[in-house]
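Input: a single structure, listed below in structure tokens.
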Amino acid sequence: MARFESPPEPERAEVEKVLEDLIAGRCSREEAADWAVRWVIADDPDVEDDAVWEALGVLAAADLKTTDRPYLYEEADFRQWLADLRVAT
């Protein structure tokens, strides 16, 4: 069975930038989700900051589709994720 190694933990600023880029349309939902999923699917993710881990978890789902609209999450959700990350201690 293949093991999925995670890259080094991203800094909060790096996660914030991905969220900002997603909100501004500088990256797609798929690009943001692909970036975050590297940690989420890792067998032993090297993420100690709980706020970063939470943000990676929701970012990995940014491209989820749903039946009643194109995507499950909208820009308002992305903005809330960013706000949550920024106020986390």
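Take the sequence shown: its letters are residues 1 to 89, numbered as in my numbering.
Note that CB positions come from ideal geometry on N, CA and C, so glycine has one too.
Keep in mind it's a predicted model, so treat the numbers as computed, not measured.
Skipping 5 residues on each side, what residues in its chain have a beta carbon closer than 6 Å to that of residue i?
i	result
V47	E9, W39, W53
L59	A32, A36
L22	A32, F78
Report the partner residues of residue i according to the DSSP bridge assignment.
i	result
K65	Y71
Check the C-beta distance from residue i over to residue j and give it rounded, since I have them as a contact under 8 Å.
i	j	result
A62	Y73	6 Å
A42	L85	With 8 Å as the limit, A42 and L85 do not qualify as a contact, their Cβ atoms being about 20 Å apart.
R26	Y71	Their Cβ separation, rounded to whole angstroms, is 17 Å, which puts R26 and Y71 out of contact at 8 Å.
E11	L82	No, E11 and L82 are not in contact; Cβ-Cβ is about 15 Å, not under 8 Å.
For residue i, does the three-state DSSP call read helix, strand or coil?
i	result
I23	helix
F4	coil
V87	helix
A76	helix
E48	coil
Suppose the cutoff is 7 Å on Cβ atoms and the five residues either side in sequence are ignored; what does the same chain contact list for residue i look like?
i	result
P7	R38
Keeping to the same chain, check which residues put their C-beta closer than 8 Å to that of residue i; ignore five residues upstream and five downstream.
i	result
K65	Y71, L72
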